[in-house]
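Peer 1:
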Amino acid sequence: MEDIKLVEKVVIVPENPTNRRRVFLSNIDLSLVLYQESVSYFDPPTNEISFSEACNVLYRALGALLVPYSFAAGRLVPAIDDDRRLEIDCNDAGFVVAAATTDAKLSSLGELLAPKPEFKKLVAFIQEDEMDLKDKPLLSLQLTQFECGSLALASRYNHCILDGVAIRELEANMAALTRGEDLVVVPNPDRTLFKARNPPEINHPHHEYSETTPLSIKESISANQIRSIYISSHHIANLKKGALKGGKLNNCTTFEVMAAKIWKARSIATRMQDEAMSTMLIPVDVRKRVVPQAPNGFAGNALVPAFARAMVREVKEEEDSYLVKKVQEGLERVNDEYVRSGIDWLEVHRGGPCCENSFSLVAWWRLGLEEEEFAWGRVKCATTITVKPGLVFVLPGDKGKGGLNICLELPEDQMEVFVSLIMEQ
Numbered sequence: 003m004e005d006i007k008l009v010e011k012v013v014i015v016p017e018n019p020t021n022r023r024r025v026f027l028s029n030i031d032l033s034l035v036l037y038q039e040s041v042s043y044f045d046p047p048t049n050e051i052s053f054s055e056a057c058n059v060l061y062r063a064l065g066a067l068l069v070p071y072s073f074a075a076g077r078l079v080p081a082i083d084d085d086r087r088l089e090i091d092c093n094d095a096g097f098v099v100a101a102a103t104t105d106a107k108l109s110s111l112g113e114l115l116a117p118k119p120e121f122k123k124l125v126a127f128i129q130e131d132e133m134d135l136k137d138k139p140l141l142s143l144q145l146t147q148f149e150c151g152s153l154a155l156a157s158r159y160n161h162c163i164l165d166g167v168a169i170r171e172l173e174a175n176m177a178a179l180t181r182g183e184d185l186v187v188v189p190n191p192d193r194t195l196f197k198a199r200n201p202p203e204i205n206h207p208h209h210e211y212s213e214t215t216p217l218s219i220k221e222s223i224s225a226n227q228i229r230s231i232y233i234s235s236h237h238i239a240n241l242k243k244g245a246l247k248g249g250k251l252n253n254c255t256t257f258e259v260m261a262a263k264i265w266k267a268r269s270i271a272t273r274m275q276d277e278a279m280s281t282m283l284i285p286v287d288v289r290k291r292v293v294p295q296a297p298n299g300f301a302g303n304a305l306v307p308a309f310a311r312a313m314v315r316e317v318k319e320e321e322d323s324y325l326v327k328k329v330q331e332g333l334e335r336v337n338d339e340y341v342r343s344g345i346d347w348l349e350v351h352r353g354g355p356c357c358e359n360s361f362s363l364v365a366w367w368r369l370g371l372e373e374e375e376f377a378w379g380r381v382k383c384a385t386t387i388t389v390k391p392g393l394v395f396v397l398p399g400d401k402g403k404g405g406l407n408i409c410l411e412l413p414e415d416q417m418e419v420f421v422s423l424i425m426e427q
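Residue numbers (the numbering used here): 3 to 427.
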């Protein structure tokens, strides 16, 4: 897609002025001050809507969307009462939206679920890397039309304002507004539910966090491979049957057994030292685990990392049921008191998700981004633009096939070992 061309670039502000205010960011939010990029693909519109019309529909929908989502039209600034923290200045500065065209056909990208370098072109006109943080849009979009008529709607957003669940709800609202319908979910950006206690009470070890923040992790510029490995429903069923064999587990879910398999395969493939501690982080939605529960439409970060942790020798040598049990224990550990203790840990240490001998397993397929229907059609598939080091994505299988796709980045020799291990029954 070397020939991608910018048609126009506009700033969308709320269609009606909103109240100028500051929005508090929780310690969970502040551990994720980094930009994420994803893309949704669409087949050529069947309703003969032109690209120009599609752009105008999107612009109008965003103007309406930014009234209830006025915080997302703001900018990050130092907090008034503590300049070591950031908060959102709801100043109606707006979203940046780019419209672009390319002579390439969507089919030229090949497999759409597996991120590849060409996908970066789909956010080429919404990169604001040279801007100061206080001037950067918190969310930008690029709508690109392919020569065949297919469309790609790519987003770039600061993770500190929304987690995956909140992004899904924002996209559902955006899609509804493009169809001329009302909001599906009314957003509530109040994060005070997740404030640290005063004084902080750290009552648990928090191996999911470290004092080195994600901001220090650079995107890979090596020749590492990004691969998407398809795991069939039959293969998953066999893995679950194997984990339950012997009666050491009462039950296990698809995610738990796949997490255990990925943990072992990656630990072996990356040649971790046997005496090192291997940590797998698993984002858990705590909206309904905290007391009181987060309100419906909570628009912030409520995905807290659970962890499964063991010595590499154990990960390599123990049977599958042992690792599945470690995953289950990690997920069960995350209750209200544990979440509060973790928020207090971040208050004291100001760190972020653990990045030493660890990786994060992201259950992308649970987000349901493929279910949205815009004015120009239903999402064909949705995926991340790139896979950063230390992330493994569990993506949905192809429609009609079931199963899952495991997407990650590794050096070529390590990738071959990982694929071989992950495909073992």
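Note that the Cβ used here is the ideal one computed from N, Cα and C, for glycine as well.
What residue does the beta strand (DSSP E) around Gly-379 start on, and which one ends it?
Peer 2: In the DSSP assignment, Gly-379 falls within the beta strand (DSSP E) that extends over 379 to 386.
Peer 1: For the alpha helix (DSSP H) holding Ile-163, just list the boundary residues, first then last.
Peer 2: Careful: Ile-163 lies outside any alpha helix (DSSP H) and carries neither H nor E.
Peer 1: Give the DSSP bridge partners of Asn-190, in chain order.
Peer 2: Phe-300
Peer 1: Using DSSP with H/G/I as helix, E/B as strand and the rest coil, what is Pro-119?
Peer 2: Helix at Pro-119.
Peer 1: Rounded to the nearest angstrom, what separates Val-396 and Leu-141 at their Cα positions?
Peer 2: 24 Å
Peer 1: Taking the alpha-carbon of Ala-198 as reference, which of Trp-347, Pro-391, Tyr-37 has the nearest alpha-carbon?
Peer 2: Trp-347
Peer 1: Please report the straight-line C-alpha distance between Asn-252 and Leu-246, rounded to a whole angstrom.
Peer 2: Rounded to whole angstroms, Asn-252 to Leu-246 spans 7 Å at the Cα level.
Peer 1: Considering only the beta carbon of each residue, do Leu-164 and Ala-310 sit closer than 8 Å?
Peer 2: no
Peer 1: Using DSSP with H/G/I as helix, E/B as strand and the rest coil, what is Ala-75?
Peer 2: Helix at Ala-75.
Peer 1: Please give me, in chain order, every unbroken run of the alpha helix (DSSP H) with length at least 4 that falls completely inside the region 23 to 109.
Peer 2: 29 to 32, 53 to 67
Peer 1: CB Leu-27 to CB Leu-88, shorter than 8 Å?
Peer 2: yes
Peer 1: Using the Cα positions of Ser-157 and Lys-250, report the straight-line distance between them to the nearest angstrom.
Peer 2: 44 Å
Peer 1: Could you tell me which residues DSSP puts in a beta bridge with Thr-281?
Peer 2: Answer is Arg-311, Ser-360, bridged to Thr-281.
Peer 1: So, helix, strand or coil for Gly-344, using DSSP?
Peer 2: Assignment of Gly-344 by DSSP, reduced to helix, strand and coil, places it in the helix class.
Peer 1: Compare the C-alpha of Phe-53 against each of Ser-110, Glu-213, Ala-102 and name the closest.
Peer 2: Ala-102
Peer 1: Give every residue of the same chain whose Cβ lies closer than 8 Å to the Cβ of Val-350, excluding the five residues on either side of it in the sequence, and list them in chain order.
Peer 2: Pro-202, Ile-204
Peer 1: Counting along the chain, where does the alpha helix (DSSP H) carrying Gln-503 start and finish?
Peer 2: Lying outside 3 to 427, the shown extent of the chain, residue 503 is not represented and no answer is given.
Peer 1: Just checking, does the region 337 to 345 make contact with the region 353 to 370 on the three C-beta pairs under 8 Å criterion?
Peer 2: Touching, no.
Peer 1: According to DSSP, is Ser-218 part of a helix, a strand, or is it coil?
Peer 2: For Ser-218, the predicted structure reports a pLDDT of 40, less than 50, and the residue's modelled location is therefore unreliable. A value from the coordinates is still provided. DSSP places Ser-218 in helix when its eight states are reduced to three.
Peer 1: Val-244 to Gly-332, Cα distance in whole Å?
Peer 2: It is worth fixing the name first, because residue 244 is Gly in this sequence and not Val. One C-alpha to the other measures close to 21 Å.
Peer 1: My output table needs one value for Gly-404: the three-state DSSP class, helix, strand or coil.
Peer 2: coil
Peer 1: Could you check what DSSP says for Arg-368 in three-state terms: helix, strand or coil?
Peer 2: helix
Peer 1: Can you tell me whether Leu-155 is buried or exposed, with buried defined as 16 or more other CB within 10 angstroms of its CB?
Peer 2: The residue in question, Leu-155, is buried, as its Cβ has 16 or more Cβ neighbours within 10 Å.
Peer 1: Helix, strand or coil, according to DSSP, for Ile-233 in the structure here?
Peer 2: strand
Peer 1: Here's a check: name, in chain order, each residue in its chain whose Cβ is nearer than 6 Å to the Cβ of Gly-166, leaving out the five neighbours to either side.
Peer 2: Once the five neighbours on either side are set aside, the close Cβ partners of Gly-166 are Leu-369.
Peer 1: Identify the continuous beta strand (DSSP E) that holds Lys-11 and give its terminal residues.
Peer 2: 7 to 14
Peer 1: Check the DSSP bridge columns for Ser-157 and list the partner residues they point to.
Peer 2: Ser-40, Leu-143.
Peer 1: Among residues of its own chain, excluding the 5 on either side of Ala-66, which ones have a beta-carbon nearer than 8 Å to its beta-carbon?
Peer 2: Glu-17, Leu-179
Peer 1: Could you tell me the distance, in whole angstroms, from the CA atom of Ser-323 to the CA atom of Glu-277?
Peer 2: So the two alpha carbons sit approximately 21 Å from each other.
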